[in-house]
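J.: The listed protein sequences derive, respectively, from chains G and X. When we follow the numbering used here, the leftmost residue of the first sequence carries the number 1, and every step to the right adds one. When we follow the numbering used here, the leftmost residue of the second sequence carries the number 1001, and every step to the right adds one. Every residue, glycine too, gets a C-beta built ideally from N, C-alpha and C. Quick caveat, the model's predicted, so the values are computed rather than measured.
There are 2 protein chains.
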Amino acid sequence: MVNLLHLRTLLEVTRLGSFAAAAGRLGYTASAVSQQMAALERDTGVELFHRSARSVVPTEAALTMVRHASKVLTDVETLLAAASRSTDSPVQELRLGIFPSLATYILPDILRNPRWKKLGIELRVWVAEPSQTIQGLRTGGELDLALVYQVGQSGLAWPHTLDRQWIGDDDFRVVLPASWGIREDAEMQASQLSDMPWIMHHPGTSDAVVIERLFASCNLHPRVVAYSDDFHASLEMAAAGLGAALVPELALRHRPPGVVVLDVPDIRLARNVFALLLNEKRTAQVQLFTELLADTLRGSTATVRAGSPAMMPKTTQKSTPKPPA
Amino acid sequence: MVNLLHLRTLLEVTRLGSFAAAAGRLGYTASAVSQQMAALERDTGVELFHRSARSVVPTEAALTMVRHASKVLTDVETLLAAASRSTDSPVQELRLGIFPSLATYILPDILRNPRWKKLGIELRVWVAEPSQTIQGLRTGGELDLALVYQVGQSGLAWPHTLDRQWIGDDDFRVVLPASWGIREDAEMQASQLSDMPWIMHHPGTSDAVVIERLFASCNLHPRVVAYSDDFHASLEMAAAGLGAALVPELALRHRPPGVVVLDVPDIRLARNVFALLLNEKRTAQVQLFTELLADTLRGSTATVRAGSPAMMPKTTQKSTPKPPA
DNA sequence: GGTTGACCATCAGTGATCCTTAGGCTCGGT
DNA sequence: ACCGAGCCTAAGGATCACTGATGGTCAACC
């Protein structure tokens, strides 16, 4: 019998055009995806990809299978929804750890969504940085689900008893003071930003390490005028003309007057947002919640984003294996 | 993620009303079914059954899940069909072992079915008794798929590398010479058949053993007038007035004049028809073939059958674990 | 033309999964 | 009161599925 996980992976592979990319999205290694697709071909007796050393091309059969598979998967969704609705649901309590930007700009949208009310989940929210919320997940801890982000391969570690699920990406943008007189739609090269003053993360934080590496790879050695881990503060300082800052799109939902937001192709970086959850809490309701979350985040950033698919810079583009022990 | 096998099991359980019965159908033990349903409840976070010591009652949620699940499963069916159709299918050869009644009365119907032509399977057929076709399945043998039957727990053994799949039941009926003057719709008790002459299987065959046990459990000690393992011969002899016989419904598709077919509640026995197939041959096309087979058999016997669900007599109702080593 | 980097396949190892077996429990039937 | 049908759980073993390492191929770039 076919495996639904294989079908989901198939969808992601054909959408992204590569095993490795799909693996990154789904929280697998590329090897796992390769094996899953091989298994799917074996189970169905259909050749799904023409493989070459550098890429895979879905066959005609794969594309028709994709169409059916997405129908099957949405049917399973509605099955879960219908089943959990038809039971006199005992209002599961969910203790959620969440980092500030998500709590500020996404969570309220979720709570307003009619889909939310049908879930019958009673939320307990704890807003904190990922490193802290992960602590709360340790077995017997005070959390069931933690929404965390990771920039690049930064040393975020979690127990491998947790299930990781990709929620979305939150791209960093370059924010300049409007007073510098640079147009919003200007085509900017990294080199042109070389001598500007920058507002940076506190040195030593894992984000700072990744950003420094990114800057170094562009031969950019910024002059630092401020250290701030709080994006609201960074934004306001930028608006006041202090310096440039790298701010994730989510935080730009509240955009003070006096700033210009640029898209600098050389400086592409994203916070990868994940849900970590205790295995025993992985019920259908929680599953539906994380999907609602992913949809909301996608819908939210889609309105802001230029349109091109979010790619991480080269240094962080490796597939992301599950637990850094 | 939900498991499709669990959904299929759920369907069977609600259809039959019992874990044990579903286990028998699906080729599992009752324990396996219990664990599968527990897993399904865990995965979906929905209580599916009210359990008591002697039975399970599906909840409301289970019933709605059943409705969705059957849709999902048929969607998967069409997915497989569509995918294998859209490929330029290289006409898989299937070497099929099949026992006589099935080859006589069911296989022709399949070959005439439009669904058959779409499968793109090239058949090689070998008609023989189960004990022989199973030999042909031994690894490196000359068969890919064997359709076999088993009466009760009779000592049919197959290598456990084979996949077993339940195809359907073929109920035995009591056949009497019309010359005995008994009406077709007569309500018959086993005791009334006690002193009649019977046409029986050759002693020593596994079928004979089961039938003797069944008769013994009804306190029936038949006088044997003929030994025959060939149902056509038995039928013709019965038509000629020689004696009563126990004949499976399939063989009754060719019903000679001069016989009366009875339904005797005490003497309920069925040949359980299974497909055994080499694991590596379990492609989607073969899967679809066995399903076509099951449908054809079901449709065929449904026209004959009285309507009540086919139950095996008590001595043979145990769940059937997979490999008798 | 060699080097580098991206990507896929394969293999060995390991942890998780899933089934069988065995045993225990609770009911209804005799 | 006993037996048996049917459910559950625990333990053990086979199989599955993922990770991590290795190797191969191709494109791009000096």
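Grab me the residues of glutamine 1132 of chain X's own chain with a C-beta within less than 8 Å of its C-beta, minus the 5 sequence neighbours each way, in chain order.
T.: These residues qualify, in order along the chain: Gly1097.
J.: Taking only three categories from DSSP, how would you classify threonine 303 of chain G?
T.: Legend: pLDDT at threonine 303 of chain G = 44, less than 50; position of this residue unreliable, no value from coordinates given.
J.: Taking C-beta to C-beta, are aspartate 1109 of chain X and threonine 1296 of chain X nearer than 8 Å?
T.: For aspartate 1109 of chain X and threonine 1296 of chain X, yes; Cβs fall inside 8 Å.
J.: Grouping DSSP H, G and I as helix and E and B as strand, with all else coil, what is leucine 1010 of chain X?
T.: Leucine 1010 of chain X: helix per DSSP, three-state reduction.
J.: When burial is assigned at 16 or more other CB atoms within 10 Å of the CB, is serine 101 of chain G buried or exposed?
T.: Classification of serine 101 of chain G: buried, given that the 10 Å Cβ count is 16 or more.
J.: Give me the Cα-Cα distance between leucine 137 of chain G and lysine 1117 of chain X, rounded to the nearest whole angstrom.
T.: One C-alpha to the other measures close to 56 Å.
J.: Tell me whether phenylalanine 1289 of chain X sits in a helix, a strand or coil according to DSSP, three-state version.
T.: The answer is helix: DSSP assigns phenylalanine 1289 of chain X an H, G or I state.
J.: Quick check on this structure: which residue in G:Ile134, G:Phe215, G:Glu187 has the alpha carbon closest to the alpha carbon of tryptophan 198 of chain G?
T.: Looking at the Cα atoms, G:Phe215 is the closest of the given residues.
J.: Starting from the beta carbon of aspartate 163 of chain G, find every residue of chain X whose beta carbon is closer than 9 Å, and list them in chain order.
T.: Those within 9 Å of aspartate 163 of chain G in chain X number zero; the least Cβ separation is about 11 Å.
J.: Among X:Ala1083, X:Ala1082, X:Leu1063, X:Leu1107, whose alpha-carbon lies nearest the alpha-carbon of alanine 82 of chain G?
T.: The candidate whose alpha carbon is nearest that of alanine 82 of chain G is X:Leu1063.
J.: Buried or exposed for proline 257 of chain G, going by 16 or more other Cβ atoms inside 10 Å?
T.: So proline 257 of chain G counts as exposed.
J.: For the segment 42-57 of chain G, list every residue whose C-beta sits within 9 Å of some C-beta in chain X, in sequence order.
T.: Listed in sequence order: Arg42, Asp43, Thr44, Gly45, Val46, Glu47, Leu48.
J.: So, are the CB atoms of alanine 238 of chain G and leucine 176 of chain G less than 8 Å apart?
T.: Yes, the Cβ-Cβ distance between alanine 238 of chain G and leucine 176 of chain G is below 8 Å.
J.: Taking Cβ-Cβ distances shorter than 7 Å, what residues in chain X pair up with leucine 4 of chain G?
T.: Correct list: Met1001, Val1002, Leu1004.
J.: Return helix, strand or coil for glutamine 189 of chain G, following the three-state DSSP convention.
T.: Reduced to three states, the DSSP call for glutamine 189 of chain G is coil.
J.: Taking only three categories from DSSP, how would you classify aspartate 1144 of chain X?
T.: The answer is coil: DSSP assigns aspartate 1144 of chain X none of H, G, I, E or B.
J.: Between arginine 8 of chain G and threonine 14 of chain G, what straight-line distance do the alpha-carbon atoms span, to the nearest angstrom?
T.: So the two alpha carbons sit approximately 10 Å from each other.
J.: Answer yes or no: does any C-beta atom of chain X fall closer than 8 Å to that of lysine 322 of chain G?
T.: In this prediction, lysine 322 of chain G scores a pLDDT of 38, lower than 50, which makes its location untrustworthy; the coordinate-derived value is nonetheless stated afterwards. With 8 Å as the cut-off, lysine 322 of chain G does not count as an interface residue toward chain X.
J.: Let's test the definition: count the other Cβ atoms within 10 Å of the Cβ of asparagine 1219 of chain X and tell me whether it reaches 16, buried, or not, exposed.
T.: So asparagine 1219 of chain X counts as exposed.
J.: In this structure, how does DSSP classify histidine 377 of chain G when only helix, strand and coil are distinguished?
T.: Residue 377 of chain G cannot be examined here, being either before or after the span of chain G that is shown, 1 to 325.
J.: Closest by CA to glutamate 1333 of chain X, which one among G:Gly45, G:Phe19, G:Gly152, G:Glu142?
T.: Not covered by the structure: residue 1333 of chain X. The range shown for chain X is 1001 to 1325.
J.: I'd like to know if the segment 1067-1077 of chain X and the segment 33-47 of chain G are in contact, where contact means that at least 3 CB-CB pairs between them fall below 8 Å.
T.: No: fewer than three Cβ pairs fall under 8 Å.
J.: How long is the line joining the alpha carbons of isoleucine 1121 of chain X and valine 2 of chain G, rounded to whole angstroms?
T.: The alpha-carbon atoms of isoleucine 1121 of chain X and valine 2 of chain G are separated by roughly 20 Å.
J.: Taking 8 Å as the cut-off, decide whether the C-beta atoms of leucine 4 of chain G and leucine 1004 of chain X are in contact.
T.: Contact: yes.
J.: Expressed to the nearest angstrom, what Euclidean distance is found between the alpha-carbon atoms of leucine 1143 of chain X and glutamine 1150 of chain X?
T.: Taking the straight line from one Cα to the other gives about 19 Å.
J.: Check whether the segment 1251-1266 of chain X touches the segment 1205-1212 of chain X, taking contact to mean three or more Cβ pairs, one atom from each stretch, closer than 8 Å.
T.: At 8 Å Cβ cutoff, the stretches do not touch.
J.: Grouping DSSP H, G and I as helix and E and B as strand, with all else coil, what is aspartate 266 of chain G?
T.: In this structure, aspartate 266 of chain G counts as coil in the three-state DSSP scheme.
J.: Can you look up glutamate 93 of chain G in the DSSP assignment and give me helix, strand or coil?
T.: It is a strand residue.
J.: Expressed to the nearest angstrom, what Euclidean distance is found between the alpha-carbon atoms of serine 1300 of chain X and leucine 16 of chain G?
T.: About 48 Å.
J.: Against leucine 1080 of chain X, what residues of chain G qualify as contacts under a CB-to-CB distance less than 8 Å, listed in chain order?
T.: Neighbours of leucine 1080 of chain X on chain G, chain order: Val2, Thr44.
J.: Cα separation between leucine 1246 of chain X and valine 1224 of chain X?
T.: Taking the straight line joining both Cα atoms gives about 12 Å.
J.: Out of X:Met1196, X:Ser1018, X:Val1174, which one is the CA nearest neighbour of phenylalanine 1231 of chain X?
T.: Answer by Cα proximity: X:Val1174.
J.: What is the rounded straight-line gap between the Cα of alanine 1270 of chain X and the Cα of glutamate 1047 of chain X?
T.: Going from the Cα of alanine 1270 of chain X to the Cα of glutamate 1047 of chain X covers about 35 Å.
J.: Using a beta-carbon distance below 8 Å, is glutamate 60 of chain G in contact with chain X?
T.: Yes, glutamate 60 of chain G counts as interfacial toward chain X.
J.: Shorter than 8 Å from the beta carbon of lysine 314 of chain G to some beta carbon of chain X?
T.: Annotation note: pLDDT 33 at lysine 314 of chain G (below 50); position unreliable, no value reported.
J.: Output needed in chain order: residues of the segment 90-123 of chain G with a Cβ under 9 Å from some Cβ in chain X.
T.: Flagged, chain order: Gln92.
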